[in-house]
Each structure stands twice: as structure tokens, then as C-alpha cells.
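Right, one structure below, let's go through it.
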Amino acid sequence: QVTLRAGAELDASQVNQYTLTLRATCPGEDEVEGWLFVQVTAGQVLRCDTPFSSAEGDMVQVLADVAPRTPLYAVLLQPLGGLTGFSLPSSLQFRLRNHNTPLILTRRGLILAPDNGFDPSKDTQVFRLEIEVMDRYGHNCSGAVRVEVLPSRRSHVTFPEPHRSVTVTQGVGPLEVVTQVHASGENVRYAILAPVAPVLFTINELTGEIRSTRRLEVAHAHLLVQAYNTLHPADHATATVNITVQGTDHWAPRCVPAIFVSQVPETVSPGSTLVTLRCTDSTGTDEYLRYVLEGPPASRSHFCMEGPQLKVNTTLDYDLEAMATMGFQFTAIIVVMAEGQPPRSARVPVLVTVTPVNEFRPTCPNSATFTVPETAAFGSVVGRVAGTDRDYPVGSLEYSLEGGSSPMQPFSISRRTGEIRVVGPLDSQQQKSYRLVVQLTDTHNDLDPAKRHSRLCDVSVHLQAVPDQVPVCIPEVQELWITAGSPGSRQPVTRLACLGSSDGAKLMYTITGGNENGRFRLEGNTVVYLPNNQVEPRTFVLLVEVWGGSGARRRSTVVALVVHVTPWSTPVPPTTTTQHTTLQKEPLVVTRTEAVWHPPAWFVAVLTISGTLLLATLGCTARSLLCSEQEQGLTSAFCSSHRNRDPGKLFLGKNSWDVVEQSRGKEEQGHPHTSSPGQFDGRAQDARTGRDYLFNSVTGARRWI
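Position one of the sequence shown corresponds to residue 162 (our numbering), numbered consecutively onward.
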């Protein structure tokens with residue numbers, strides 16, 4: 162059968178004949194070849210609309226909650242004029258080429274949703290329909306439609322518990338609640354689908370409560386309950402409810418063992434059986450017994466029940482912190498339930514203790530290189546080897562040095578902490594570094610103490626050279642005067658102030674000279690005098706040697722003390738006079754900053770003018786007072802003459818004369834030296850001393866006569 166490919170278009174104006182070569186072969190015979198000539202004649206063309214007629218076909222998207230038989234797509238034709246939306250003639254026939262789809266194709270070319278709608282519980286669904294259209298003249302076209310069903314945007318009706326089994330005892334009265342079902346969704350209603358005419362039970366369509374319709378006897382019922390959306394009935398779900406009505410039995414099951422206590426290693430594999438219970442009911446059989454494991458969530462996750470067998474569900478890792486929190490123990494209860502009413506059950510307590518297994522070897526630290534100064538004192542900490550072990554408990558490692566401590570290896574290691582300490586002299590000039598081999602051994606990681614793992618780790622210790630440092634004492638020479646106390650007492654003389662090396666090594670003090678008859682002793686860095694019955698003053702010169710550093714690089718300095726001791730004669734408490742000979746110090750420069758105000762030039766000018774005006778005012782005031790108080794005639798004549806002349810600069814006092822510049826004035830000719838009431842002749846006499854003065858009116862000078 163030779164058919165036209167979907168979407169193909171024939172055009173007689175371009176190609177009016179196709180020649181097809183056909184070959185056929187039968188088993189055991191030769192190949193036969195033939196030709197098929199297809200002639201294309203011009204005529205009325207039936208064309209389907211695009212993109213329906215394209216190779217990919219058209220596509221439409223719908224939601225899964227559309228109502229059944231909802232129109233989804235309409236197949237349109239394209240007339241010769243190229244217009245779309247062309248109405249379909251009633252003589253057209255539509256045929257589906259593929260039938261593996263729930264969608265419906267009508268006689269009018271409409272694609273409808275399935276009769277039962279789409280399944281809302283599924284994800285995106287895709288359906289492809291290949292459709293052929295033919296008119297009454299045999300003209301045809303074909304195309305494809307791709308329908309994508311998207312998940313509904315609203316919540317669907319679902320049963321969280323689609324299967325439920327309920328057991329009740331006989332004697333339950335009418336309309337008593339037996340059980341209740343619950344479905345999630347919107348506008349949910351409930352109905353019993355099977356049996357169609359329930360005899361023993363009924364359901365409340367709003368609440369889902371299943372009640373008895375009469376007094377129940379021993380029976381077994383199977384109900385099929387449907388929950389649906391009252392606004393969208395296609396949105397529904399079903400659940401099965403098995404109701405068993407049992408007779409009364411008062412004998413509880415009996416189990417062996419009645420209690421289970423066990424220890425299991427942490428390496429036990431999942432699926433291993435820990436115990437198999439042997440339980441029987443009142444009939445002596447275990448056919449109708451059910452086993453349920455109850456207890457903390459950790460116990461129910463690590464163990465499970467398969468019938469009467471208690472099995473390991475997951476690995477029991479002793480090395481986890483969560484396991485340590487529980488004390489490495491699991492507690493649970495196996496509940497053995499028998500059918501019938503009232504409920505009969507037996508409880509078997511379970512206690513499982515997980516024991517450790519030494520599984521892993523210790524691990525060396527990533528970096529084990531330390532540096533220590535060569536002047537480190539005995540017992541100084543060099544560093545700590547921090548080994549690790551994946552087995553619990555953490556930190557249960559023991560440390561040891563291969564070869565122990567020796568002059569060639571002046572170090573020791575703490576067995577518990579892994580701290581390396583100096584236990585011998587160090588000298589970087591003899592050996593610059595040491596290579597230590599530390600053995601790590603795990604302990605307390607297994608029930609069997611003999612099962613231990615160890616590992617050797619390399620540790621490098623580098624010596625840091627320290628320059629020689631001599632203790633420095635300030636001052637180095639002291640002269641002291643003390644008055645001796647009563648015999649048998651102790652009298653502090655001075656305290657030495659010395660600084661040692663930078664490594665903080667303790668200084669040692671020793672009196673090396675001048676300590677006659679042991680009159681002095683050292684208490685740390687304090688010099689103490691021990692008085693005796695000495696009656697004469699005496700001077701002691703003590704030499705105190707101060708040692709610093711440690712090991713082979715100890716350095717020392719000497720401090721000289723000149724102590725003048727005055728004998729004790731009175732009960733006055735002893736006094737101490739100390740004179741220190743101090744070293745010359747560098748001069749201390751103290752810089753003092755004082756604020757100085759530099760006034761601007763305009764302020765200086767204003768101040769100068771103001772001062773000048775003030776002095777002029779004071780001068781005029783003094784002149785006026787002087788002229789008014791003169792009692793002598795010479796002074797009066799001078800003042801009168803002076804007032805009639807141009808103002809000058811002559812000032813007279815009671816005890817002296819002071820001549821200032823006088824203005825040059827016109828004098829009468831022919832009387833240069835005569836006195837008249839309106840003119841001063843230039844002569845004057847001091848009233849106190851009697852001296853005569855001659856004043857020159859031209860120059861303003863004063864000449865003593």
C-alpha cells in the first residue's frame with residue numbers, strides 16, 4: 162500500500178508525474194523490480210491550515226482539571242484564497258491515523274477531552290494525534306496536533322492513607338462510629354462505591370465518618386470509599402477500608418523470650434536477625450498475630466520487625482556522636498497483637514547495647530615541625546603532636562618516643578597529651594635539628610584490650626640560635642650605710658635590680674667575695690645583713706655574681722656593694738641609708754611650647770595712636786594744674802606772658818624748669834631785654850635754689866646763669 166506522506170502537497174504545475182521504483186523479494190526467489198507511475202492532474206485542492214499541516218504539527222496546552230469532553234482544538238481548512246478560519250463543509254470526513262490516545266475526534270473536526278477527563282495526579286502528559294481530512298471528491302490533506310496536558314493549579318483530592326484496616330469487637334451498636342477516613346482537597350465529599358448497597362455501614366458525606374447500621378456480629382467487610390470535589394466531580398480519589406468484626410477473647414499472647422537483652426558489635430551488617438520471637442495466642446497458634454516495634458525514633462530507624470524476627474535495619478556505627486549521646490544503647494518494645502476484642506497484646510522489652518570494634522589505625526598530623534630556642538629550660542614545652550583516630554572515644558591515643566630520651570635525643574613526650582618537652586641541654590652549634598619518631602597507639606577502642614593499632618610519625622625539632630646575653634644590673638656599684646639592728650635579727654640591705662635574657666630564664670644570685678664571717682646572705686635578689694655584737698663601725702665590700710641563661714650557655718655579671726655598718730647602741734629601730742652610684746644617663750630634653758600672640762599691624766598702629774593721644778591729654782591736664790597753682794610772681798608773669806604769645810612747649814615745676822620747644826613770635830623792636838606786663842624777657846629764677854635762667858625764644862633752649 163502506497164500512501165501520501167502527511168503534510169505533503171502536490172502541485173501539477175510543478176510536477177505532474179512521479180515514477181516510483183518498487184522491488185520485491187520472496188525467500189528462495191530472485192528479486193523482482195517494477196515501476197509505479199503516479200500522475201498528478203490539476204483540480205480543486207483541499208489544503209489544511211498551517212501549522213496543523215506542517216511536519217511538526219500544531220500544539221495546544223490544556224490543564225489536567227478540564228471537564229470531560231471539553232473542546233480542545235478545531236481542524237481548519239485553507240481555501241484557495243489563502244484565508245484562514247474557513248468554515249468546514251459538512252461533506253468532510255476526519256479520521257485518526259493513530260488510535261493510542263484517550264482524546265476524542267468528532268465528525269466536525271473537534272478534538273475533545275476524554276470522557277473521564279485527564280488524570281490530575283500525573284505530571285505533564287503529551288498526546289499526538291495524526292488526522293486526515295477528505296472531501297467527497299477524494300481530495301485530502303493531513304496534519305498533526307500535539308496536546309500537552311499541564312498539571313492542575315489547584316489542589317486535587319487525595320487520600321493520605323489509601324488503605325486502612327480496622328478491627329472492632331462484636332456487639333457494636335447501631336450508628337456507632339467505627340472509623341473515619343480523610344481526604345485532602347477542596348469541597349470534598351465522601352461516598353461508598355462498593356458495595357453498591359451497603360448493609361452494615363454508612364458514611365457521612367461531609368465528615369467521612371463510617372458508622373454501623375445495626376448491631377455488629379462477627380463478620381468481615383470490604384468498603385471502597387470515594388472522595389470527590391463537589392464542584393469538579395472529575396477530581397476524585399478512592400480508598401479501601403477493611404473492617405473486621407471479631408469475637409471477644411480475654412487471653413493475651415505469650416512470647417519466648419519475654420525480654421530480650423543483647424550486645425552486638427558495631428560491625429553487624431544490616432539485615433542480620435537479632436532474635437526470633439516464639440509467640441502463641443489462646444488457640445496455641447501464631448497465625449493471627451501481628452508484630453509492631455515501638456520506641457524512640459532512633460530505635461525504630463535502626464531496627465525493624467519482619468514477622469516475629471527483630472532485624473538490624475541500618476548500620477550501628479559506634480564512632481558517631483549521636484551514638485555516644487544515647488549511651489550506645491537502644492531500647493524498644495515489641496508489641497505482639499492478637500485478633501479479637503477486646504484488644505489483646507503482649508509486650509516484649511528490648512535492650513540492645515552496641516560494642517566498639519577497633520576498625521581504624523591512628524593518623525599522623527599533617528605538619529609536625531617545631532622550633533625551640535637553644536636556651537630552653539628543662540621541662541620547656543616544644544610542641545604537641547596532635548594525632549587522630551576515627552574510632553571512639555576521641556583522644557584515646559598513647560604517645561611514645563622510639564629510642565626514649567638520651568643525650569642524643571634530649572626530649573620526652575607525654576604519654577597522654579603528646580606534648581614534647583626538653584629534658585637535656587641544647588646547643589645549636591653542635592646539632593641544629595632533631596628527627597624524632599613518635600609512635601601513636603590507640604587504646605580503649607575495642608572490647609578486647611589486645612586489639613590495638615599503632616602508627617609511626619616523624620617529628621622535626623629545629624633549634625633556634627640565641628645570642629649570648631649577659632645579665633644587666635642597675636647600678637653595678639652601690640655604696641650603702643646601715644645601722645646594725647639587735648643581734649640575732651635580720652636586716653635587709655638592698656634589692657638588686659637585674660634583667661636577664663629575653664627567654665625569661667630565672668636569674669641566680671651568689672655572694673662570691675667580701676662576706677666575712679657570713680655576715681650577709683642572699684634571699685632571692687635581696688641582700689640581708691645578720692647583726693652580731695660588733696662594737697666598731699666596719700665597711701664590707703661584697704661581690705655578688707648574677708647568673709642568667711640555662712644549659713651550657715649560662716652567662717654572669719658581678720655587682721659590687723660597699724656596705725658601711727654602724728654598730729647598734731640604742732633601742733632606736735635600725736635604719737638604713739642607701740647611696741646608689743648610678744651610671745651616667747643620657748640628658749633628658751624637655752620641650753616646652755608656649756603660646757605667643759603676634760598682633761596684626763593695624764592693631765599696633767591703633768594702640769600707638771591711642772597711647773600718644775592719652776599722653777597729650779595728660780600733659781595738657783598737668784600744665785593747666787601747674788599754671789593755676791603757681792604762687793610766685795615770676796611764674797605768674799611767665800604764665801601770663803606765655804598765654805599772650807603763641808603756645809609753646811615750656812613747663813615749670815616747683816623744683817625745676819623744663820623748657821620745651823616754643824613757637825617763634827613777633828617781638829617789638831627796640832625792647833629786646835625789657836620786661837613789660839604783656840611780654841616775657843626770657844629771664845627767670847628758680848624759687849627753691851635761687852638760680853637764674855635765660856630762655857632763648859628762638860631756639861627754646863635754657864641756659865643757666
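The beta-carbon is built from N, C-alpha and C at its ideal position, and this holds for glycine as well.
Considering only 252, 368, 319, 370, the residue with the shortest C-alpha distance to residue 346 is 319. Annotation: residue 263 to residue 354 spans about 24 Å, alpha carbon to alpha carbon. Contact between residue 253 and residue 296 holds: their C-beta atoms lie close to 6 Å from each other, under 8 Å. With respect to the C-alpha of residue 332, the residue from 349, 379, 304, 358 having the closest C-alpha is 379. With distances taken between CA atoms, residue 175 lies nearest to 202 out of 441, 202, 372. The C-beta distance from residue 508 to residue 496 rounds to 6 Å, short enough to meet the 8 Å contact threshold. Approximately 16 Å separates the beta-carbon atoms of residue 654 and residue 707; this is outside 8 Å, ruling out the contact. Excluding sequence positions up to five before and after residue 196, its CB lies within less than 8 Å of the CB of 180, 181, 182, 183, all in the same chain and listed in chain order. In this structure, residue 604 sits away from residue 563, with a CB-CB distance that is not shorter than 7 Å.
Pairing residue 555 with residue 573 gives a Cβ-Cβ distance that is not under 7 Å. With respect to residue 312, residue 225 sits close: the two C-beta atoms are nearer than 7 Å.
Scanning its chain for C-beta atoms nearer than 8 Å, with the 5 sequence neighbours on each side dropped, one finds around residue 475 the residues 431, 462, 463, in chain order. Beyond the five residues adjoining it in sequence on each side, residue 271 comes within less than 7 Å, by CB distance, of 232, 235 in the same chain, given in chain order. The C-beta distance from residue 350 to residue 391 rounds to 5 Å, short enough to fall under 8 Å. Contact between residue 520 and residue 477 does not hold, since the beta-carbon distance rounds to 13 Å and is not under 8 Å. Rounded to the nearest angstrom, the Cβ distance from residue 582 to residue 541 is 6 Å, consistent with a contact under 8 Å. Going by beta carbons, residue 480 and residue 595 fall outside the 7 Å limit.
Note: residue 301 is bridge-paired with 295 in the DSSP secondary-structure output. Taking a cut-off of 8 Å on C-beta distances, the segment 277-296 does not touch the segment 361-369, as fewer than three cross pairs fall below it. Burial state of residue 269 is exposed, judged by a 10 Å Cβ sphere holding fewer than 16 other Cβ atoms. Boundaries of the beta strand (DSSP E) around residue 182: 178-185. Per DSSP, residue 484 lies in no beta strand (DSSP E); the unbroken alpha helix (DSSP H) holding it starts and ends at 482-486.
In the structure shown, the three-state DSSP call for residue 539 is coil.
Sequence-distant partners of residue 591 (beyond 5 residues in either direction) whose C-beta falls short of 7 Å from its own C-beta are missing from its chain. For a cut-off of 8 Å, the C-beta gap from residue 514 to residue 489 is around 6 Å, short enough to register as a contact. By the neighbour-count criterion, in which 16 or more other beta carbons inside 10 Å mark a residue as buried, residue 535 falls on the buried side. With 16 or more other CB atoms across the displayed protein chains lying within 10 angstroms of its CB, residue 404 is buried. Short of 6 Å from the beta carbon of residue 455, and not among the five residues preceding or following it, lie these beta carbons of its own chain, in chain order: 494, 496. Relative to the Cα of residue 386, the nearest Cα in the group 322, 775, 725, 178 belongs to 322. Between the alpha carbons of residue 383 and residue 402 lies a gap of roughly 6 Å.
Short of 6 Å from the beta carbon of residue 275, and not among the five residues preceding or following it, lie these beta carbons of its own chain, in chain order: 263. Per DSSP, residue 372 is one residue of the beta strand (DSSP E) stretching across 370-373. Of all alpha-carbon atoms in 299, 230, 281, the one lying nearest the alpha-carbon of residue 265 is that of 230. One Cα belongs to residue 683, the other to residue 697, and the distance between them is close to 24 Å.
Cβ contact annotation for residue 466 (same chain, cutoff 8 Å, sequence separation greater than five): 452, 453, 454, 472, 495, in chain order. Between residue 344 and residue 398, the beta carbon gap of about 6 Å places them in contact (Cβ cut-off 8 Å).
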